[in-house]
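Report on the following structure.
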């Protein structure tokens with residue numbers, strides 16, 4: 001926990017997905033703006049017609065100078081906020097109003113309580129209190145372009161399931177993920193990888209490939225239960241080529257974290273990771289914080305304390 005540098009009142013940027021939850025996102029965003037004004041802050045609405053426009057608005061506002069950026073929604077909005085503030089020094093506030101809220105849950109922020117979340121943000125700003133979190137920079141063929149994430153990067157069956165889950169409109173949370181697992185198994189065959197860490201190279205057909213900064217994703221999937229958001233390390237999860245019955249046995253264990261004890265799963269730690277497609281079946285497009293970022297290869301590097309979270 002750090003203090004200093006953000007204390008006081010001033011202009012707070014707010015980003016919300018106005019189309020979320022059949023319009024409830026816009027109403028929650030308006031309430032958050034009113035609550036922050038009640039705490040004495042001027043509020044700038046940075047929401048856009050889509051995520052790309054909102055991110056552009058947020059990045060420019062951070063450059064122009066904000067006391068803080070506040071995102072309203074689930075892990076997708078947190079991902080947007082991280083990409084706007086990482087390595088800038090501008091603190092990030094979270095009003096958790098999504099179906100998963102994995103990062104907010106990890107750091108024990110209020111869930112689905114806008115008034116309490118705004119109180120936390122206002123108190124933290126008044127006292128100059130932030131918590132440093134690591135963030136991971138992901139780059140492809142162009143090292144100048146890339147994205148940040150704070151939670152989990154996935155590039156195996158977990159990514160294919162994520163893509164299918166994003167297309168589903170029901171149910172919500174982990175039940176949606178389970179439905180996607182069942183659907184994806186019908187077309188699954190192991191993917192081919194080359195994964196390079198600080199200490200070794202893993203070349204194999206595989207089923208599950210994830211690089212975790214935080215402990216969970218997908219609405220409570222505990223991919224690395226002991227992962228810490230502030231230890232300057234990445235936790236790499238690798239599962240070799242599994243049969244469909246083996247996958248069916250393994251995936252339910254992700255919710256409790258018991259999969260990490262399976263002999264089919266390797267757990268590595270590294271400060272940077274490169275993930276490439278091998279010569280066999282190409283892996284699916286990768287995801288970071290539940291957002292699709294595209295086909296391999298990707299290089300991941302952790303940056304300690306790159307995000308300052310209002311807590």
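In the UniProt record's numbering, the protein residues as written are 1 to 311.
For each residue, glycine too, the CB sits at the ideal point set by N, CA and C.
- Its chain contains 82, 86, 87, 148, 149, 150, 213, 302, 303, 306 and 307 as the residues whose beta carbon lies nearer than 8 Å to that of residue 135, once the 5 sequence neighbours on both sides are disregarded; these appear in chain order.
- In this model, residue 266 and residue 94 are separated by some 33 Å (Cα to Cα).
- Looking from the CA of residue 13, the closest CA among 311, 199, 42 and 35 belongs to 42.
- Sequence-distant Cβ neighbours of residue 140 in its own chain, meaning closer than 8 Å and more than five residues away, are 146, 294, 297, 298 and 299.
- Beta-carbon to beta-carbon, residue 137 and residue 198 are separated by about 16 Å, too far to satisfy the 8 Å threshold.
- With a contact defined as Cβ atoms closer than 8 Å, residue 59 and residue 84 qualify at about 5 Å.
- With distances taken between CA atoms, residue 216 lies nearest to 288 out of 120, 119, 54 and 288.
- Residue pairing by DSSP puts residue 267 in a beta bridge opposite 237.
- Taking the Cβ atoms as the reference, residue 278 lies roughly 6 Å from residue 203, within the contact range of under 8 Å.
- By the C-beta density criterion, residue 96 is buried, having at least 16 other C-beta atoms within 10 angstroms.
- The criterion of a C-beta distance shorter than 8 Å is satisfied by residue 156 and residue 283.
- For residue 187, the closest of 169, 196 and 207 by C-alpha to C-alpha distance is 207.
- Around residue 45, the same chain offers 14 and 33 as residues with beta carbons nearer than 7 Å, after the five sequence neighbours per side are excluded.
- If you compare the alpha carbons of 67, 36, 53 and 54 with that of residue 128, the shortest gap goes to 67.
- Nearest to residue 55 by C-alpha distance, out of 210, 110 and 77, is 77.
- When secondary structure is reduced to three states using DSSP, residue 292 falls in the strand class.
- Rounded to whole angstroms, the Cβ separation of residue 239 and residue 254 is 10 Å, and the two are not in contact under 8 Å.
- With contacts defined as CB atoms closer than 8 Å, residue 65 and residue 57 fail to qualify as a contacting pair.
- Residue 273 and residue 40 have their alpha carbons spaced roughly 44 Å apart.
- Of 167, 245, 91 and 184, the smallest CA-CA separation from residue 160 is found for 184.
- Residue 110 sits in coil when the DSSP states are folded into three classes, being neither helix nor strand.
- Comparing alpha-carbon positions, the option among 235, 164 and 53 lying closest to residue 178 turns out to be 164.
- Here residue 130 is near residue 91, since their CB atoms are less than 8 Å apart.
- When beta bridges are read from the DSSP output, residue 127 appears opposite no residue.
- Boundaries of the beta strand (DSSP E) around residue 308: 298-310.
- Considered as a whole, the region 186-266 harbours 191-196, 201-206, 208-212 and 234-239 as its complete beta strand (DSSP E) runs of no fewer than 3 residues, in chain order.
- In this structure, DSSP gives residue 46 a state outside helix and strand, which the three-state scheme calls coil.
- Bounds of the alpha helix (DSSP H) holding residue 76 are 75-85.
- At a Cβ-Cβ threshold of 8 Å, residue 75 and residue 101 count as neighbours.
- If you check the CB distance, residue 311 and residue 268 do not come in under 8 Å.
- Linking residue 107 to residue 115 through their CA atoms gives a straight-line distance of about 18 Å.
- Residue 31 holds the alpha-carbon nearest to the alpha-carbon of residue 73 among 61, 63 and 31.
- Taken through DSSP and simplified to helix, strand or coil, residue 26 comes out as helix.
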